[in-house]
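Right, one structure below, let's go through it.
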Amino acid sequence: MYLLGSGEVGVVDGQHDWMTYYHFQKAGQINYHGYYSYVTDLTGTFQYVWVNEMKKEGGFLIGTSPAFDFSLFTVCSLMYSGNAACKYSIDGHPLAVTSYTQSCDVGTCLSTSYP
1 MYLLGSGEVG VVDGQHDWMT YYHFQKAGQI NYHGYYSYVT DLTGTFQYVW VNEMKKEGGF
61 LIGTSPAFDF SLFTVCSLMY SGNAACKYSI DGHPLAVTSY TQSCDVGTCL STSYP
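Structure (structure tokens):
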């Protein structure tokens with residue numbers, strides 16, 4: 001089963017925003033299995049089951065608007081692509097975004113971006 005991302009069978013990829021997670025959880029489609037880390041009211045890294053597949057580690061910013069996430073991830077992917085390469089802070093908390101690009105028909109496209 002292909003699930004949001006890499007195209008690998010049985011892999012849950014993507015879902016790097018709290019609104020998607022919230023809607024799936026509200027619909028009873030996600031089973032939360034705990035967290036690895038969090039920064040109070042800003043970001044978290046979680047484990048959950050979605051469509052009978054385990055997302056071993058996924059994270060997102062908490063309570064941000066889609067416009068903020070889109071803007072942050074766009075700037076980070078254009079300016080500082082790589083593992084935790086885009087560093088910033090919110091309310092004095094140091095955070096980072098990981099983003100990767102890939103070649104596509106129009107040149108370079110965003111592959112993934114997440115906190």
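Under the UniProt record's numbering, think of the first position of the sequence shown as 1, with each following residue one higher.
Glycine included, every Cβ here is placed at the ideal spot set by N, Cα and C.
Note that the structure is a prediction, hence the values are computed from the model and not measured.
query = Would you say Ser-71 and Ser-99 are within 7 Å of each other, going by their C-beta atoms?
reply = No, the Cβ-Cβ distance between Ser-71 and Ser-99 is not below 7 Å.
request  = Measure from the alpha carbon of Leu-95 to the alpha carbon of each residue in Asn-83, Asp-105, Ser-103, Thr-101, then state which is nearest.
outcome  = Selected option, being the one with the closest Cα: Asn-83.
task = Indicate whether Phe-46 and Gly-58 have their beta-carbon atoms separated by less than 7 Å.
result = Result yes, Cβ atoms of Phe-46 and Gly-58 sit closer than 7 Å.
ask   = Mapping DSSP to helix, strand and coil, what is Ala-96?
value = The three-state reading of DSSP puts Ala-96 in strand, counting E and B together.
request  = Under the assumption that Gln-15 contacts Lys-55 (Cβ atoms under 8 Å), give the Cβ distance between them as a whole number of angstroms.
outcome  = For a cut-off of 8 Å, the C-beta gap from Gln-15 to Lys-55 is around 7 Å, short enough to register as a contact.
task = Can you tell me the Cβ-Cβ gap for Ile-62 and Thr-74, rounded? I've got them flagged as a contact below 8 Å.
result = For Ile-62 against Thr-74, the beta-carbon gap comes to about 20 Å, at or over 8 Å, which does not count as contact.
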